[in-house]
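Here's the structure, in structure tokens; my notes come after.
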Amino acid sequence: MTHDTLAAFKPILYALADASAFLFTTRLGLACLGGFLLFILALRVASVLSERRLLTKAAGERMGAAASLGLMARELAASLARAAGALPALAAIAVLLALVGGLAESSRRLDEYIEGRQRLAELSVTLRNLERRYKVAELRVDSVAAGIIKARAFLYDASGSQAPARIQEFELPGSEIYVDAIVCNFDYSEIAAGRAVNLAIPYRVFSDELPQSRGIGLETFDGGGLPLVYLRKDQEIYGIEPGRFRSRLAELAAAFRDEGLARRQGIVRSLYGNAVHRRVCAGESFTVWVEQSGGITIKDASSF
Amino acid sequence: MMDKKPARDGKKKIGRRILLMAALVLFCAAVAAYVFLGSFIGLQKKRIAALERAVAAISANTVPLRFMVVSRGPDSIDLRLRLYDLAGREIGMTEESLPGGELYIDFALVPFESEDGSKRWLAFPAKIFTDSLPAASGISLYGLYDRDGFPALFEGAQLGRRERSALRELFAGLRDPSAAGDEGGFGSAVHDIRGLASFVEGRVYKILCRSKGGIEITED
Chain A
180 MTHDTLAAFK PILYALADAS AFLFTTRLGL ACLGGFLLFI LALRVASVLS ERRLLTKAAG
240 ERMGAAASLG LMARELAASL ARAAGALPAL AAIAVLLALV GGLAESSRRL DEYIEGRQRL
300 AELSVTLRNL ERRYKVAELR VDSVAAGIIK ARAFLYDASG SQAPARIQEF ELPGSEIYVD
360 AIVCNFDYSE IAAGRAVNLA IPYRVFSDEL PQSRGIGLET FDGGGLPLVY LRKDQEIYGI
420 EPGRFRSRLA ELAAAFRDEG LARRQGIVRS LYGNAVHRRV CAGESFTVWV EQSGGITIKD
480 ASSF
Chain B
-8 MMDKKPARDG KKKIGRRILL MAALVLFCAA VAAYVFLGSF IGLQKKRIAA LERAVAAISA
52 NTVPLRFMVV SRGPDSIDLR LRLYDLAGRE IGMTEESLPG GELYIDFALV PFESEDGSKR
112 WLAFPAKIFT DSLPAASGIS LYGLYDRDGF PALFEGAQLG RRERSALREL FAGLRDPSAA
172 GDEGGFGSAV HDIRGLASFV EGRVYKILCR SKGGIEITED
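So the sequences go chain by chain: A and B.
The numbering of the first sequence is the numbering used here, which starts it at 180 and goes up by one.
The numbering of the second sequence is the numbering used here, which starts it at -8 and goes up by one.
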């Protein structure tokens, strides 16, 4: 209530401060004020002259130029004397206007500070959301011998759980593992505001020697076209409200069904396949991440 | 009656003094608020500018490559591909015909630290292959932008001597993996997906390389 009351007075305060600043601190304002005062003075003198002329005429006499000039001078002197007498009141008004101006400027600065804090908070959230990354898969290479890689894929979803949604073992000829995924990048405004996260569904592994068409499927989709790794029970979903998790799934499924529609609605920025890969040796592991700035990457390669 | 007038005058004087004091206190408070808020706002503006720069840096990207699927057969892809430097100038072009249904454009991603201490991932177009053509048999793209050992992709920007030397060394390592150590990099092959997101014939696509290492394909 108090805040609303104060907010209601702000326009009046600002208008008064701006008007007084204009009138007393700018050339145009001073010219307008001076012109107005001169106009009032001229009206006063004209009124006195007119009144005297009428009286003189009623008396059957004529008022000469000298008499008119004398009357004007006397009226001017009288006006100046009245203004000098009103000096204390004028000084008080000046102090009041200065106070109003000071209050208005302070209020404006406070508003600017509050807006600045809001902007800082928004930017911090935006940066935090764009800097995020989520684990898609972890690959552990058990052995590399006679040109065959034996490895395990630990597949994760966006539920936030530390436990993998699925584990799959496989063997590939060659020296480089390719982890192929469908990548869906949402619009930057959606990511920045925290309304969406970029998604990656790994669906196949192949190698430098084995073409993708003969690669090993990761059995990631169910018969209905939804990614298996996302079909979690509510109690298995961490870090995100289950309803929101499922609506995100629905968005993904819709994007898969009609990519063009999703793009036209401005939801999906890009939808494509991405196979990240790395030369491996026995005992090595690496993690595939989906970056909220876009795309997927391999980072944190290590030996286990 | 005569006694009441001096008392009234006295009360008026006290009232005026209180009003004056209140006005003075209010004025001083307003000035103090103005001065202190001014310095806070200055600091705020600096922080806002720094955050805006950080957000811009994260979403910044380069476009080293554009391509178009000229035509598709039952099991073949005809492709035209152009490479660009950091100033957007075309530095190489190739046309290829590949067996397969899904086109893969492979990049080598390497971490890099600039002279100003900023870190980012650099993307080097490496090869093209398909779902039928294994990566090891893919067509190398390195030769298209090799200018006496320097990757011409990174021309068109202000680079220091140390940076140019580091880029030359990185590029040499990519072209000859047996001679290079593990720089902590990885490969990233972006591609279309038959039945879900296929490249449309005659449409130009561009590849966006993000500073954090992600790669995207979007329509140009």
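Virtual Cβ for every residue (Gly too), placed ideally from N, Cα, C.
Nearest-angstrom Cα distance between isoleucine 416 of chain A and arginine 345 of chain A?
Unreliable placement is indicated for isoleucine 416 of chain A, whose pLDDT of 48 sits below 50; the coordinate value is still reported in the next sentence. If you take the alpha carbons of isoleucine 416 of chain A and arginine 345 of chain A, they lie about 15 Å apart.
Taking Cβ-Cβ distances below 7 Å as the criterion, which residues of the segment 47 to 79 of chain B are in contact with chain A?
In summary, the residues of the segment 47 to 79 of chain B whose CB is separated from some CB of chain A by less than 7 Å are Ile49, Ser50, in the order they occur in the chain.
So does the segment 310 to 326 of chain A actually touch the segment 68 to 87 of chain B, counting three or more Cβ pairs closer than 8 Å?
Too few Cβ pairs lie closer than 8 Å, so no.
8 Å Cβ cutoff met for valine 469 of chain A and alanine 379 of chain A:
It is a contact, given that the beta carbons lie within the stated cut-off.
Where does the unbroken beta strand (DSSP E) through glutamine 347 of chain A begin, and where does it stop?
345 to 352
Rounded separation between glutamate 212 of chain B and tyrosine 451 of chain A - CA only
The requested residue 212 of chain B does not occur in the structure, where chain B is confined to residues -8 to 211.
Mind checking glutamine 391 of chain A: buried by the 16 CB within 10 Å criterion, or exposed?
buried
Segment contact flag, the segment -5 to 6 of chain B with the segment 326 to 336 of chain A, C-beta cutoff 8 Å, min 3 pairs:
Using a C-beta cut-off of 8 Å, the segment -5 to 6 of chain B makes no contact with the segment 326 to 336 of chain A, since fewer than three inter-stretch Cβ pairs fall below that distance.
Would you decide whether valine 455 of chain A is buried or exposed? Buried here means 16 or more other CB atoms lie within 10 Å of its CB.
buried
N- and C-terminal bounds of the beta strand (DSSP E) containing serine 226 of chain A:
That residue, serine 226 of chain A, is in no beta strand (DSSP E); its alpha helix (DSSP H) goes 206 to 237.
With a CB to CB cut of under 8 Å and the five nearest residues on each side skipped, what residues in its chain are close to cysteine 460 of chain A?
Cβ neighbours of cysteine 460 of chain A beyond the five flanking positions: Val320, Val323.
Would you say isoleucine 130 of chain B faces chain A, with C-beta separation under 8 Å as the test?
no
Flag glycine 452 of chain A as yes if its beta-carbon sits less than 8 Å from any beta-carbon of chain B, otherwise no.
yes
Since I believe isoleucine 206 of chain B is in contact with valine 54 of chain B (beta carbons under 8 Å), could you give me their beta-carbon distance rounded to a whole number of angstroms?
Wrong, their Cβ atoms sit about 11 Å apart, outside the cutoff.
Measure the C-alpha to C-alpha separation of arginine 374 of chain A and cysteine 363 of chain A and round it to an integer number of angstroms.
14 Å
Proximal residues of chain A, C-beta to C-beta of arginine 8 of chain B below 8 Å
Under the 8 Å cutoff, chain A gives no residues; its nearest Cβ is about 13 Å from arginine 8 of chain B.
3-residue-minimum beta strand (DSSP E) runs that sit fully inside the segment 109 to 194 of chain B, ordered along the chain
Whole beta strand (DSSP E) segments, 3+ residues: 110 to 121, 177 to 182.
What I want to know is whether the C-beta of aspartate 387 of chain A ends up closer than 7 Å to one or more non-hydrogen atoms of the ligand FAD.
The model on display carries no ligand, and the ligand FAD is accordingly not part of it.
For glutamate 93 of chain B, return the contacting residues in chain A, with the cut-off set at a CB-CB distance below 9 Å.
Gln391, Ser392, Gly452
C-alpha distance - aspartate 359 of chain A paired with proline 352 of chain A, whole-angstrom precision
16 Å
Length of the line joining the Cα atoms of leucine 234 of chain A and arginine 241 of chain A:
10 Å
For a quick check, are the C-beta atoms of tyrosine 136 of chain B and glutamate 284 of chain A less than 8 Å apart?
For tyrosine 136 of chain B and glutamate 284 of chain A, no; Cβs fall outside 8 Å.
Applying the 10 Å Cβ sphere with the 16-neighbour rule, what's the burial state of leucine 488 of chain A?
The shown model of chain A, from 180 to 483, leaves out residue 488 of chain A, and the question about it has no answer.
Name the DSSP beta bridge partners of serine 386 of chain A, please?
A/Ile356
Since phenylalanine 141 of chain B and phenylalanine 162 of chain B are thought to touch, with beta carbons under 8 Å apart, how far apart are those beta carbons, to the nearest angstrom?
7 Å
Could you check if aspartate 66 of chain B is buried or exposed, using at least 16 other CB atoms within 10 Å of its CB as the buried criterion?
exposed
May I ask you to list the residues that DSSP assigns as paired with alanine 332 of chain A?
A/Leu318, A/Gln347
Along the chain, where does the alpha helix (DSSP H) that runs through aspartate 69 of chain B open and close?
Premise fails: aspartate 69 of chain B lies in the beta strand (DSSP E), 67 to 75, not in any alpha helix (DSSP H).
Return the chain-ordered list of same chain residues with a C-beta closer than 6 Å to the C-beta of serine 449 of chain A, the five sequence neighbours on each side being excluded.
Asn364
Use the C-beta contact count for aspartate 387 of chain A: other C-beta atoms within 10 angstroms, 16 or more gives buried, fewer gives exposed.
buried
Classification of threonine 305 of chain A by the beta-carbon crowding that lies within 10 angstroms, buried from 16 upward:
buried
Might you give, ordered along the chain, the residues of its own chain that have their beta carbon closer than 8 Å to the beta carbon of leucine 207 of chain A, omitting 5 neighbours on each side?
So the list reads Phe201, once near-sequence residues are dropped.
For a test of the three-state rule: what should DSSP assign to methionine 251 of chain A, helix, strand or coil?
helix
Which of the three DSSP states, helix, strand or coil, is assigned to lysine 197 of chain B?
In the structure shown, lysine 197 of chain B sits in a strand (DSSP, three-state: E or B).
Relative to chain B, which residues along the segment 341 to 354 of chain A have a C-beta separation below 8 Å, given in chain order?
Gly353
Determine, for phenylalanine 31 of chain B, whether the minimum Cβ-Cβ distance to residues of chain A falls below 8 Å.
yes
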